[in-house]
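**Q** Its first residue numbered 1, the sequence shown is counted upward by one per residue in full-length UniProt numbering.
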Amino acid sequence: MLKFLTRHYVFFSLLLLVGAIAGYSFLYADQYVSRWMGAKLTGYINQHPSNRYACKIGELEVSLWKASIDLNEIHIYPKDSLKWHHQSRGNYVFDKIRVEGWAWWELFTQKKIYVESLTVQGAKCIFFLEDSLKVKGLTGEKALWEEYLKAISIGQLAIHGFNGACYQAQHEEELLYQVDSMYAEIQGVHREIQGNNEEVRYEQMYVKLNRFTANSLPDHHLEVKNIEVNSQKRTLTMEDLLLQPRLGKKAFNRQLIRQKDWIQAYFSKIRLQGFHPKTWRHISMIQVVRPTVSIYRDRNLPSPRGYKPLPSQLLREMDVSFAIDSIRIRQGGVVYEEVAKGKSSPGQIAFSAVNALGKHLTNIPQVGKALALQKEVSPKAFTLTASGKVLGEGRMYASLQVPVFQENNQFELTGKITGLNKHMLNPVLEPLASVRLQSGRFRSINFHFIADEHRARGRLKADYEELKIVLFKQKAKGVQKRRLASFLANQVIIRNKNLLGSKGFHLGTIAVARNKERSLFHYIWGAVKEGIMTSIVKSKGNKKK
1 MLKFLTRHYV
11 FFSLLLLVGA
21 IAGYSFLYAD
31 QYVSRWMGAK
41 LTGYINQHPS
51 NRYACKIGEL
61 EVSLWKASID
71 LNEIHIYPKD
81 SLKWHHQSRG
91 NYVFDKIRVE
101 GWAWWELFTQ
111 KKIYVESLTV
121 QGAKCIFFLE
131 DSLKVKGLTG
141 EKALWEEYLK
151 AISIGQLAIH
161 GFNGACYQAQ
171 HEEELLYQVD
181 SMYAEIQGVH
191 REIQGNNEEV
201 RYEQMYVKLN
211 RFTANSLPDH
221 HLEVKNIEVN
231 SQKRTLTMED
241 LLLQPRLGKK
251 AFNRQLIRQK
261 DWIQAYFSKI
271 RLQGFHPKTW
281 RHISMIQVVR
291 PTVSIYRDRN
301 LPSPRGYKPL
311 PSQLLREMDV
321 SFAIDSIRIR
331 QGGVVYEEVA
341 KGKSSPGQIA
351 FSAVNALGKH
361 LTNIPQVGKA
371 LALQKEVSPK
381 AFTLTASGKV
391 LGEGRMYASL
401 QVPVFQENNQ
411 FELTGKITGL
421 NKHMLNPVLE
431 PLASVRLQSG
441 RFRSINFHFI
451 ADEHRARGRL
461 KADYEELKIV
471 LFKQKAKGVQ
481 KRRLASFLAN
491 QVIIRNKNLL
501 GSKGFHLGTI
511 AVARNKERSL
521 FHYIWGAVKE
531 GIMTSIVKSK
541 GNKKK
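(1) For residue 230 and residue 239, which I take to be in contact (beta-carbon distance under 8 Å), what is that distance rounded to the nearest angstrom?
(2) Whole angstroms are fine: how far does the CA of residue 526 sit from the CA of residue 300?
(3) Quick check on DSSP: helix, strand or coil for residue 280?
(4) At the level of alpha carbons, what is the spacing between residue 264 and residue 180?
(5) Residue 595 and residue 243 look like a contact to me (Cβ under 8 Å); what is the Cβ gap, rounded to whole Å?
(6) Determine the contact status of residue 74 and residue 97, defining contact as a CB-CB distance below 8 Å.
(7) Give the list of continuous beta strand (DSSP E) stretches no shorter than 3 residues that lie fully inside the segment 189 to 238.
(8) Looking only at DSSP bridge pairs, what is residue 252 linked to?
(9) According to DSSP, which residues form a beta bridge with residue 487?
(10) Identify whether residue 426 lies in helix, strand or coil by the three-state DSSP scheme.
(11) For residue 274, which residues in the same chain have their Cβ closer than 7 Å to its Cβ, ignoring the five residues on either side in sequence?
(12) Helix, strand or coil, according to DSSP, for residue 454 in the structure here?
(13) My assumption, with CB atoms under 8 Å, is that residue 461 sits in contact with residue 507. Please give the rounded CB distance.
(14) Determine the direct distance from the alpha carbon of residue 388 to that of residue 165, and round the result to whole angstroms.
(15) Let's test the definition: count the other Cβ atoms within 10 Å of the Cβ of residue 53 and tell me whether it reaches 16, buried, or not, exposed.
(16) Give me the Cα-Cα distance between residue 216 and residue 483, rounded to the nearest whole angstrom.
(17) Can you tell me the Cα-Cα spacing of residue 188 and residue 159, whole angstroms?
(18) Out of 452, 306, 62 and 183, which one is the CA nearest neighbour of residue 524?
(19) Helix, strand or coil for residue 531 per DSSP?
(20) Are the beta-carbon atoms of residue 361 and residue 328 separated by less than 8 Å?
(21) Taking one C-beta from the segment 391 to 404 and one from the segment 419 to 430 each time, how about it: are there three or more such pairs within less than 8 Å?
(22) Going by beta-carbon coordinates alone, are residue 532 and residue 445 separated by less than 8 Å?
(23) For residue 152, which of 182, 122 and 117 has the nearest alpha-carbon?
(24) Where does residue 319 land, buried or exposed, given buried means 16+ other C-beta within 10 angstroms?
(25) Return the Cβ separation of residue 514 and residue 455 in integer angstroms, given the expectation that the two are a contact with Cβ distance under 8 Å.
(26) Out of curiosity, what's the CA-to-CA distance linking residue 411 and residue 258?
(27) Output needed for residue 154: all residues of its chain with C-beta closer than 7 Å, excluding positions within five of it in sequence on either side, in chain order.
(28) Under three-state DSSP, which class holds residue 521?
(29) Could you tell me the distance, in whole angstroms, from the CA atom of residue 132 to the CA atom of residue 220?
Printed below as a string of structure tokens:
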């Protein structure tokens, strides 16, 4: 028995020894072959650049046993030749790229690559763009892709510490876009070419960008502090978005030939929820938090020419199709300044603490038809309701309905403004209309009208009392009162009171033709102004309640 155990012990010991030697030899061979392959690949890549690029790799480690590749200190840059420099896409630097689980044999057998994980660290990339959308050199590189590689699949792609910039190709000193840092994790990435069709898809994506800037807009500079995309939660969040004009108000207007709005905008947060991760066509909700918009226009310049489409037509003719279930605006503010013709100082109207809710915004006919068939959806149009403060202390409410798919471009607007007095109105009236309220208080202004491509028709109720005005004209030495004209206006032309519910209450009439070369704001303001004037001015055309 003892001899039997001794023989088996010796046999198993020899077997283990042989296994250990074989394993050590295999590992040693793997390390040797991996080092040899890494050195050969590094030398080959460094000495044999592609048609357009040269490449320098500090260190390349390959493990056949682990099916992994580690590349350190990679620099890909255009060739010295001026020809290739101008045809290249950019300049790339990577601290480290790690590939794990690489099925390298599929590249040679099927022209496909499968990688379990790809990690990129410390990337600094510069791109050259022919315009705001097209990257240079794509045609040649796509042909190279089609020749050697038909598909690539990456189980998990991670990018840590990306810094990128895009420059205009013809003027390399002109920066178009820049990202200070980016972190990204994308799962299930797949890119495949079949004939003339190219497909790119992913299963999940999380991307976070810090300080994105864009200089490609003609009149503005755009900066976003943080951008976060989470496909699993189906959210896109942008924080501290600033749209800054390149020029100040007066400098901007000095270089104009015709009138154009100077616009500055800031958004504390914009959040898209429930978007489709593949197409982005359908979005459940867009939330806009604390938007602040400033608009300035000088009417001393000639009016812009050309047809101005109404909202429904703009939506129908957009190149991008979309459907948004709801849009919510919280604590917004708008300041509109206008210099009247012949004036030098602007009048200003301000809206603050604005909260708004829009529903069923779409330009997809099939979605519009589906909404029309739903009994619980009423009205069958895009609706926007808003409330807030006007001129600091007044209150306002508005409701807009836009049937997007009606060919006459109709829309319907209902509004109410309360609590206006002379101290609030004079800063608007004096620079714009050369009129000052000596006394007067507007309890409320209620209006409703329906407008289309050609005209607006409706009614307005102005409830006010103790109205007395002063007319004046601008002189070189200052303001001069028009005493006789003011006296006649107060005694003959205007009603000094129009109390809602009283026997002599006059209902304002809205009946205005549309100037198709002016904006939607001008159309709405013209309709409301017509209603106010027919309420205040004594004329036979006004109807009593």
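We treat Cβ as the ideally placed atom computed from N, Cα and C, and that holds for glycine.
The model shown is predicted, which means the values in this text are computed figures rather than measured ones.
**A** Judging by the given coordinates:
(1) By one-based count along the sequence shown, residue 230 stands at place 230. By one-based count along the sequence shown, residue 239 stands at place 239. Contact doesn't hold; Cβ gap of about 14 Å is too wide.
(2) On the sequence shown, position 300 is the one that residue 300 refers to. On the sequence shown, position 526 is the one that residue 526 refers to. If I take the Cα positions, the gap works out to 19 Å.
(3) As a first step, residue 280 is located in the sequence shown; it is residue number 280 there, counting from the start. Residue state, collapsed to three classes: coil.
(4) Counting from 1 along the sequence shown, the entry for residue 264 is found at position 264. Counting from 1 along the sequence shown, the entry for residue 180 is found at position 180. Cα to Cα, residue 264 sits roughly 23 Å from residue 180.
(5) This structure cannot speak to residue 595, because the chain is shown only from 1 to 545.
(6) Here residue 74 refers to the residue found at position 74 of the sequence shown. Here residue 97 refers to the residue found at position 97 of the sequence shown. It is a contact, given that the beta carbons lie within the stated cut-off.
(7) 197 to 201, 204 to 214 and 220 to 230
(8) Position 252 of the sequence shown holds residue 252. Answer is none; residue 252 lacks a bridge partner.
(9) As a first step, residue 487 must be located in the sequence shown, where it is residue number 487. DSSP, once it has assigned bridges, lists no residue as partnering residue 487.
(10) For this step, residue 426 is matched to residue 426 along the sequence shown. Reduced to three states, the DSSP call for residue 426 is helix.
(11) Locating residue 274 in the sequence shown gives position 274, counting from the first residue. Closer than 7 Å at Cβ, skipping near neighbours: 234, 283, 284 and 285.
(12) In the sequence shown, counting from the first residue as 1, residue 454 sits at position 454. Here residue 454 sits in coil by DSSP.
(13) The residue given as residue 461 occupies position 461 in the sequence shown. The residue given as residue 507 occupies position 507 in the sequence shown. Between residue 507 and residue 461 the Cβ distance is about 6 Å, and since that is below 8 Å, they are a contact.
(14) Reading the sequence shown from its first residue, position 165 is the one you call residue 165. Reading the sequence shown from its first residue, position 388 is the one you call residue 388. C-alpha separation (whole angstroms): 41 Å.
(15) Along the sequence shown, read from residue 1 onward, the residue named residue 53 stands at position 53. Buried is the call here.
(16) Translated into positions along the sequence shown, residue 216 becomes position 216. Translated into positions along the sequence shown, residue 483 becomes position 483. Between residue 216 and residue 483, the C-alpha separation is close to 54 Å.
(17) Position 188 of the sequence shown, counted from the first residue, corresponds to residue 188. Position 159 of the sequence shown, counted from the first residue, corresponds to residue 159. Those two C-alpha atoms are separated by around 15 Å.
(18) The sequence position of residue 524 within the sequence shown is 524, counting from 1. The residue with the shortest Cα to Cα distance from residue 524 is 452.
(19) Sequence index remark: in the sequence shown, residue 531 carries index 531 (1-based). Here residue 531 sits in helix by DSSP.
(20) Residue mapping note: residue 361 aligns to position 361 of the sequence shown, counting from 1. Residue mapping note: residue 328 aligns to position 328 of the sequence shown, counting from 1. In this structure, residue 328 does not lie closer than 8 Å to residue 361 by Cβ.
(21) yes
(22) Against the sequence shown, residue 532 aligns to sequence position 532. Against the sequence shown, residue 445 aligns to sequence position 445. Yes, the pair counts as a contact, with Cβ atoms nearer than the cut-off.
(23) On the sequence shown, position 152 is the one that residue 152 refers to. Minimum Cα distance to residue 152 is reached at 117.
(24) Position 319 of the sequence shown holds residue 319. Counting Cβ neighbours within 10 Å, residue 319 comes out exposed, since fewer than 16 surround it.
(25) Taking the first residue of the sequence shown as position 1, residue 514 is located at position 514. Taking the first residue of the sequence shown as position 1, residue 455 is located at position 455. Confirmed, Cβ separation roughly 6 Å.
(26) Here residue 411 is taken as the residue at index 411 of the sequence shown, counted from 1. Here residue 258 is taken as the residue at index 258 of the sequence shown, counted from 1. Distance between the alpha carbons of residue 411 and residue 258 is about 28 Å.
(27) Within the sequence shown, numbered from 1, the residue matching residue 154 stands at position 154. Closer than 7 Å at the Cβ level, and outside the excluded window around residue 154, lie 115, 118 and 189.
(28) The sequence position of residue 521 within the sequence shown is 521, counting from 1. DSSP places residue 521 in helix when its eight states are reduced to three.
(29) As a first step, residue 132 must be located in the sequence shown, where it is residue number 132. As a first step, residue 220 must be located in the sequence shown, where it is residue number 220. Since pLDDT at residue 132 reaches only 43, below the 50 mark, its modelled position is unreliable, and the value read off the structure follows with that caveat. For residue 132 and residue 220, the distance between alpha carbons rounds to 14 Å.
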